[in-house]
Structure formats: C-alpha cells, structure tokens
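Right, one structure below, let's go through it.
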Amino acid sequence: MTRELKISVGQHSDKGHKETNQDFHGVLIPAEPLLSLKGVAIVLADGISSSSVSRVAAESAVKGFLTDYYCTSESWSVRTSAQRVLEATNSWLHAQTRSQYAYDRDRGYVCTLSAMVIKSTTAHIFHVGDSRVYRLSGSSLEQLTNDHRVVVSSEQSYLGRALGVNSQIEIDHLTFRVEKGDTFILVTDGVYEHVGDRLMAKAVGEGADDLDQAAKAIVELAFAQGSKDNLTVQIVRIDEVPDADASEVFG
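All residue numbers for the sequence shown refer to the working numbering, where the first residue is 1 and numbers rise by one.
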C-alpha cells in the first residue's frame, strides 16, 4: 500500500505585553489530490512593531499564501508557485504603504514571513525577515534561516529585508529531504530572543504527545523570561513520508 505524507502540527500565539498581536500564523494540510500535487504549507508572519497596520500585513501574507499557493498551476514547481505568490503579496503590501503612508515604511504594511512547504519527501523553506525556522536535532536546534537584520549598534538594528518595504523582494529559498521523525520549529523574534535553543528543544521533547501544549510552553517560557514582544511558535513533526518518487524534481 502506498504511503502518504502525514504530519503533526502544534501552534500557539500570544500578544504578550503588547496591546495587540501583530503576529499571524497558519497551516493547511489539504486532502488528495492537492496533498500530492502541492504538499502541506506552514506559514508564520510578524508585523513590524512601529506600524499600526502591520497586523493587516501579517494576516494578509499568511492567508494569501495559504490560499493562492494552492491555486497556482499544477505544472509549476513549488519554488515557482511560492515565489510568484510572495512577489504578488509584496507588490500589494507595498502599494498599500505607498498610497497611505508616503513611503514611510516604519508605519506601513510591512512584515516578516517564513514558510515551509512539505511535498512528498522534500521540504522547501521560503524566508524574508527575522523570524526563524529551526530543525530539531537530538537535544539541540539547527537554525535553517538567516536573520535579515542589520545591526547598527548593541542597541539599534533594523530589518534589512521584509515584505512590503520595496516594490521588489528577494526571498531566500532552501530545499532538503525530510524523513519520518524530523521536527521543525518556526518562531518569531519575541520568542527566540528570550528562550535558548536547549530550552526550546527540551519543551518539544517533553511535549511530544501534545504539540499545541509544547508550543504554548515555549511561549510561556519567553513571557516568563521577560519578552516584551508578541510571541508565536509553530512545531511541525513528520509522522510519515510517502514512497519516494524517482521523478521528483527539486525546484
């Protein structure tokens, strides 16, 4: 009997000490035939704190990806589909900022975005900004994404790349094979700046039977450690991988 891709996902988000939650996250596990054609999508976005409309940007980016990615041509690769969707989202966000905030990106429709698409035995990561994607390896974490943050001094830094800032967007793309048991963690900066890798890994290990609770435990740790930011965690575990397709193309 042919196996199909099966994953478990745990998620938790909290506004923390802030008045509103400008993070947004989501996951879509479609039924066949989309599961085989397009795979599973997990997306996390973090709106910039200086903007009152960045929550709209984060929500639009996540919902747009989860909707539009699955509407792209079946003949397109994962990479082509995701990049086309993100480029369109970036153009829309930038246009909103340009029309309402006269190019003041600190007040505009700007957010980070980290997305995973798992199709068959291949994972794709699409990333812009300073949210992070980790892979759990034993009791430690491997950071798979680069932070697009420019450090000016010990007290000052800014996003070097984000959705909605410019009319064009450069998106990091990473691809690799996945195996049964692989676990990934997506987090916003309000979490990883206050919870170390080992504590995060420990929480996931202890909460293996309830990934939602494990995600909540990490958020609560960040809050207890003094984070003043919004807090969002997604945990993705590969429970079963399909039989490898020799014709599968990385792209």
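From the three backbone atoms N, C-alpha and C, an ideal C-beta is built for every residue, glycine too.
Check                                                                                                                                                             : Outcome
Whose C-beta lies closer than 6 angstroms to the C-beta of Leu86 among residues of the same chain, with five residues either side of it excluded?                 : Ile171
Looking only at its own chain, which residues have a Cβ that is under 7 angstroms from the Cβ of Val204, when we skip the five neighbours before and after it?    : Leu136, Thr183, Ile185, Ala214 and Ile235
According to the Cβ coordinates, are Leu163 and Leu93 closer than 8 angstroms?                                                                                    : yes
Can you give, in chain order, each stretch of the beta strand (DSSP E) that sits fully within the region 74-161 and has at least 3 residues?                      : 111-119, 122-128, 132-137, 140-143, 149-153 and 156-159
So, using beta-carbon positions, are Ile42 and Val9 closer together than 8 angstroms?                                                                             : yes
If the criterion is Cβ atoms closer than 8 angstroms, does the pair Val117 and Ile48 meet it?                                                                     : no
If distances are taken between C-alpha atoms only, which option among Glu193, Phe223 and Lys119 comes closest to Asp6?                                            : It should be pointed out that residue 6 corresponds to Lys in this sequence rather than to Asp. The residue with the shortest Cα to Cα distance from Lys6 is Lys119.
Count the other CB atoms, across all protein chains shown, that sit within 10 Å of the CB of Leu221; report buried if there are 16 or more and exposed otherwise. : buried
Does the Cβ-Cβ distance between Arg3 and Asp243 come in under 8 angstroms?                                                                                        : yes
I believe Gly16 touches Ser51 by the beta-carbon criterion, under 8 angstroms. Please report the beta-carbon distance rounded to the nearest angstrom.            : The pair is not a contact, with the Cβ atoms about 17 angstroms apart (cut-off 8 angstroms).
Whose C-alpha, out of Gln156, Ser73 and Leu44, is nearest the C-alpha of Ala115?                                                                                  : Leu44
Considering only C-alpha positions, which residue in the set Phe65, Glu179 and Lys202 is nearest to Gly138?                                                       : Lys202
Mind checking who Leu44 pairs with in its DSSP beta bridge?                                                                                                       : His25 and Ser114
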